[in-house]
Amino acid sequence: MTHNDNHKGAAVDVPRVEGDDNHWLTRPRTIRRLWLGFALVLAATVLLQLVVKVKGYFVVDGWFGFAAAFGFACCVAMVLVAKLLGVILKRREDYYDD
Amino acid sequence: MIDGVPPPAFLLLAGALLIGLTRGYLRTAVMFLAPVAALWAVWQVPDGVAVTAQFLGYAIEPVEGSPVRRLFASIFTIMAFTGALFAFRQARWFELSAAYAYAAGALGVCFAGDLITLFLYWELMAIFSTVVVWCGGTPQARAAGIRYAIMHLLGGVILKVGIEGVVIHTGSADIRPLLATNFDTWMILIGILINAAAPPVSAWLADAYPASSPTGSVFLSAFTTKSAVLALILLFPGEPVLIWVGLYMIFYGIVYALLENDARRILAYSIVNQVGFMVVAVGIGTELAINGAAAHAFAHIIYKALLFMSAGVVIYRTGVTRCSDLGGLFRTMPLTTVCGIIGALAISSFPLTSGFTTKTLISVAAEQQGLVLVYFALAAASAGVFLHAGIKFPWFVFFQKDSGMRPKDAPWNMGAAMVILAFLCIFLGVYPEPLWALLPYPVEYEPYEPGKVLFYLQLLLFSGLAFFLLLPLMKRTLTISLDTDWIWRVLLHRLGLWLLALGSALGERLSALARAIQTGPGARLVQALGSAGPLGRTWQIGTTALWIAVLLTGYVFLYYF
Chain A
299 MTHNDNHKGA AVDVPRVEGD DNHWLTRPRT IRRLWLGFAL VLAATVLLQL VVKVKGYFVV
359 DGWFGFAAAF GFACCVAMVL VAKLLGVILK RREDYYDD
Chain B
8 MIDGVPPPAF LLLAGALLIG LTRGYLRTAV MFLAPVAALW AVWQVPDGVA VTAQFLGYAI
68 EPVEGSPVRR LFASIFTIMA FTGALFAFRQ ARWFELSAAY AYAAGALGVC FAGDLITLFL
128 YWELMAIFST VVVWCGGTPQ ARAAGIRYAI MHLLGGVILK VGIEGVVIHT GSADIRPLLA
188 TNFDTWMILI GILINAAAPP VSAWLADAYP ASSPTGSVFL SAFTTKSAVL ALILLFPGEP
248 VLIWVGLYMI FYGIVYALLE NDARRILAYS IVNQVGFMVV AVGIGTELAI NGAAAHAFAH
308 IIYKALLFMS AGVVIYRTGV TRCSDLGGLF RTMPLTTVCG IIGALAISSF PLTSGFTTKT
368 LISVAAEQQG LVLVYFALAA ASAGVFLHAG IKFPWFVFFQ KDSGMRPKDA PWNMGAAMVI
428 LAFLCIFLGV YPEPLWALLP YPVEYEPYEP GKVLFYLQLL LFSGLAFFLL LPLMKRTLTI
488 SLDTDWIWRV LLHRLGLWLL ALGSALGERL SALARAIQTG PGARLVQALG SAGPLGRTWQ
548 IGTTALWIAV LLTGYVFLYY F
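So the sequences go chain by chain: A and B.
For the first sequence, my numbering gives the first residue as 299, with consecutive numbering after it.
For the second sequence, my numbering gives the first residue as 8, with consecutive numbering after it.
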């Protein structure tokens, strides 16, 4: 074990395997299907707005696909802000140790 | 005593003591009976002041009941119980004993009818939560525990200054709604906000909680910040500054969690984020908002404990906390993975989970008050929560790459505790009415309007899309992130070292000066005054008599002229 963060300071004996076990969930074909399924669900949530009325409390939030675009844009913005702040704020793990 | 029922806090305190005095099965029985008895006692507390007493000349009210007090007290006892179930076979007895005394402090705060009682229980929490942090047992836990204790004792002092001021200036220690309008009330507000992990001292939480043991962090996640939320509900409902404090906490939590590599520290930052939602709600202050704050606190304690439990099981089984070292654990830890995902969905307020039914109350409260900015900020924050806790936590811990580790799943007691909480997350999401019935104000709210559900599904699922598209930007690094605690951990430390260096440099200068004086004028003085010098040496009596005669003659001479 390269790192040992166990709270009691004693090594935890973890069973390990080497190499790829080719679990069905990690096969490229499964992942492609998951992406496809995800894309269909995403499209469905937006298209459903044609049938289900989303009440806009402040006008814009009732627009077609507003929540989808807003959620996506906000997440991109937050990741980028975090990334930028990381340049200033990130330090090596042992920064406080010396 | 209320009709023969002891105050709920005393029952947990008795439990804490008995855990230390008993052994084996008896100890286990005490662990499970104490929270059950306390929960029963919670529901025996009537509305209004139930117990009065005299303390240092003040009339105090150690037990006062109201719906919101009983709501918080109930979830605290439920947490003590499930926390004990999670921990009792793995944690050492003194950790559990300290956790019960800590929970007793939180219960005491729930029913404190006056500020003096509140302060006493507040300090009880500070002391025993520090012990729980120390039970992490590592050098980091010891150091973090000391920093934690200093922060909370400092917060206690600030709170006490405010309480003294209010008691002296108004003559009453009663707990009643205040507004931060003068020095006294500001001190009380700041003292409470320190426990809520508000800026600029939010760092204590992410510093201390992840340093505790895998079982200790489950207890820590529940009591301190949420009893602070209750204190805000009781003392500062509708205090406008809380809206901005809360919004800052929400986005602080998201950004720091996104930067973090340590699994439990991600969860710690998301506590600050979630408490931020509650603080905003208290700041809005309408009946709906206060209902939202209370309901969200109740739901949050459950799913946050569940998340800390799933992280705790992983650490217990692997000894690893870094996301960069974890991954692929879903293969051999299916129960922990599913429970972790349920907790993650609940914190993200996904429909059909407790987070959805409770957090949307707060959004509706913001909307009803016409707070446009707050409303959209809360929507953005919901997306951000899904990003940093809802997907990031389970993805990096249980999926991403294969770490090669094949640990066993949770021990039965840890698994049972997780299943209970996971069940509650979904139960309160599907059937929130029992929780509504406990809220302080009547609830007329239908969370499952189709339009609202669709809005949140779009918001959350497209956040999920953003996460997976931006994965390359979120590669884990072996880093920590600086926070305001850098000021006292590094800047003040360096300033102190610099002052010490300055002091010793000054000392050097002074002693050099002293040496120079010694060798220069000093040496001549020594020559003159020293035992060998003309003025210092011992004179013979004859010489002395001669000098006296000369002086007297001079005196007589001067006298006549």
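Cβ coordinates follow ideal geometry from the N, Cα and C atoms, glycine included.
Fair warning: this is a prediction, and the values are worked out from it, not measured in the lab.
Check distances from the C-beta atoms of the stretch 362-387 of chain A to those of chain B and list, in chain order, the residues that come in under 9 Å. From the stretch 362-387 of chain A, only Gly363, Phe364, Ala365, Ala366, Ala367, Phe368, Gly369, Phe370, Ala371, Cys372, Cys373, Val374, Ala375, Met376, Val377, Leu378, Val379, Ala380, Lys381, Leu383, Gly384, Ile386, Leu387 have a Cβ closer than 9 Å to chain B.
Against chain A: residues of the stretch 368-392 of chain B by CB proximity under 7 Å: Within the stretch 368-392 of chain B, the residues whose Cβ lies closer than 7 Å to some Cβ of chain A are Glu374, Val379, Tyr382, Ala386, Ala387, Ala390, Gly391, listed in chain order.
Same chain, Cβ closer than 8 Å to Leu431/B, neighbours up to 5 away in sequence not counted: For Leu431/B, where only same-chain residues beyond five positions count, the Cβ hits under 8 Å are Ile309, Ser361.
Output, in chain order, the set of chain B residues within a Cβ distance shorter than 7 Å of Leu338/A. From the beta-carbon of Leu338/A, no residue of chain B is found nearer than 7 Å; the closest lies around 11 Å away.
Taking 8 Å as the CB-CB limit, is Arg272/B close to chain A? Arg272/B does not count as touching chain A.
Asn298/B burial status per 10 Å Cβ neighbour count (16 or more: buried): Around the beta-carbon of Asn298/B, 16 or more other beta-carbon atoms lie within 10 Å, marking it buried.
Evaluate contact between the stretch 142-150 of chain B and the stretch 54-73 of chain B, counting only Cβ atoms and requiring at least three cross-stretch pairs below 8 Å. Flag = no, the stretch 142-150 of chain B and the stretch 54-73 of chain B do not touch.
Starting from the C-beta of Glu294/B, find all residues in its chain whose C-beta is less than 7 Å away, skip the five residues before and the five after it, and write them out in chain order. Hits under 7 Å: Tyr448.
So is Met376/A buried or exposed if we call it buried at 16+ other beta carbons inside 10 Å? Counting Cβ neighbours within 10 Å, Met376/A comes out buried, since at least 16 surround it.
Here's the rule: buried if 16 or more other CB atoms are within 10 angstroms of the residue's CB, otherwise exposed. What is Arg552/B? Reading off the sequence, residue 552/B comes out as Ala, not Arg. Exposed is the label assigned to Ala552/B, since fewer than 16 other Cβ atoms lie within 10 Å of its Cβ.
Could one say the Cβ of His321/A lies closer than 8 Å to chain B's Cβ atoms, at least one of them? Closer than 8 Å to some Cβ of chain B, the Cβ of His321/A qualifies, so yes.
Give me the chain A residues within the contact set of Thr325/B, using Cβ-Cβ distance strictly less than 7 Å, ordered along the chain. Going along chain A in sequence order, the residues near Thr325/B (Cβ under 7 Å) are Val310, Val312.
Would you kindly work out how many angstroms separate the C-alpha atoms of Ala481/B and Ile182/B, rounded to a whole number? The identity of residue 481/B in the sequence shown is Met, whereas the question assumes Ala. Taken atom to atom, the span from the alpha-carbon of Met481/B to that of Ile182/B is near 46 Å.
With 8 Å as the threshold, decide whether the Cβ of Val315/A is near any Cβ in chain B. Yes, its Cβ sits closer than 8 Å to a Cβ of chain B.
Collapsed DSSP secondary structure at Ala187/B in the structure displayed: Looking at Ala187/B - three-state DSSP - the assignment turns out to be coil, as it is neither helix nor strand.
Are Ser234/B and Phe315/B closer than 8 Å when you measure CB to CB? Against a cut-off of 8 Å, the Cβ pair of Phe315/B and Ser234/B comes out as no contact.
Would you kindly work out how many angstroms separate the C-alpha atoms of Ala106/B and Met421/B, rounded to a whole number? Spanning the alpha carbons of Ala106/B and Met421/B requires a straight line of approximately 17 Å.
Val371/B versus Lys459/B: straight-line alpha-carbon distance, rounded: Going from the Cα of Val371/B to the Cα of Lys459/B covers about 11 Å.
Can you tell me the Cα-Cα spacing of Leu346/A and Phe370/A, whole angstroms? Leu346/A and Phe370/A have their alpha carbons spaced roughly 18 Å apart.
Would a check of beta-carbon distances place Thr343/A closer than 8 Å to chain B? By this cut-off, Thr343/A is an interface position.
In terms of alpha-carbon separation, which member of Leu323/A, Val312/A, Gly317/A lies closest to Arg338/B? Arg338/B has its Cα closest to that of Leu323/A, out of Leu323/A, Val312/A, Gly317/A.
Going along chain B in order, which residues have a C-beta closer than 8 Å to the C-beta of Leu334/A? Correct list: empty, because the minimum Cβ distance to chain B is about 13 Å.
Ends of the beta strand (DSSP E) at Glu68/B? Taken as a continuous stretch (DSSP letters only), the beta strand (DSSP E) holding Glu68/B covers 65-72.
Residue closest to Phe135/B, alpha-carbon to alpha-carbon, out of Ile123/B, Ala204/B, Ile153/B, Asp121/B: Of Ile123/B, Ala204/B, Ile153/B, Asp121/B, the smallest CA-CA separation from Phe135/B is found for Ile153/B.
Suppose contacts are defined by Cβ-Cβ distances below 8 Å. Is Leu336/B in contact with Met412/B by that definition? Yes.
Strictly below 7 Å CB to CB, what residues from chain B border Arg389/A? Within chain B, the residues near Arg389/A are Thr486, Ile487, Leu489.
Whose C-beta lies closer than 7 Å to the C-beta of Tyr323/B among residues of the same chain, with five residues either side of it excluded? Closer than 7 Å at the Cβ level, and outside the excluded window around Tyr323/B, lie Gln97, Pro221.
So Phe79/B and Ala304/B are in contact, right, with Cβ under 8 Å, and what is the actual spacing, rounded? 7 Å between Cβ atoms; contact.
Below 8 Å on the Cβ atoms is my contact criterion, and I expect Leu313/B with Val286/B to pass it. Report the Cβ-Cβ distance as a whole number of Å. 22 Å between Cβ atoms; not a contact.
Assign Ser518/B to one of two classes, buried (16 or more other C-beta atoms within 10 Å of its C-beta) or exposed (fewer than that). Here Ser518/B is exposed: its Cβ has fewer than 16 other Cβ atoms, across all protein chains shown, within 10 Å.
In the structure shown, what three-state DSSP assignment does Lys415/B receive? Coil, per DSSP.
Mind listing the chain A neighbours of Ala473/B? Cutoff is C-beta to C-beta under 8 Å, in chain order. By Cβ distance, chain A contributes Gly369, Phe370, Cys373, Val374, Val377.
Alpha-carbon to alpha-carbon, Trp333/A and Phe325/B: The amino acid occupying residue 325/B in the given sequence is Thr; Phe does not appear at that position. In this structure, the straight-line span from the alpha carbon of Thr325/B to that of Trp333/A is close to 30 Å.
Secondary structure of Ala296/B, DSSP reduced to three states: DSSP, read as helix, strand or coil, puts Ala296/B in helix.
Just confirm the distance between the C-beta atoms of Tyr259/B and Glu267/B, as a whole number of angstroms; I'd bet it's less than 8 Å. With a Cβ gap of about 12 Å, Tyr259/B and Glu267/B do not count as contacting.
Can you name the residues of chain B whose CB is closer than 7 Å to the CB of Leu346/A? Residues of chain B with a Cβ closer than 7 Å to the Cβ of Leu346/A are, in chain order, Leu461.
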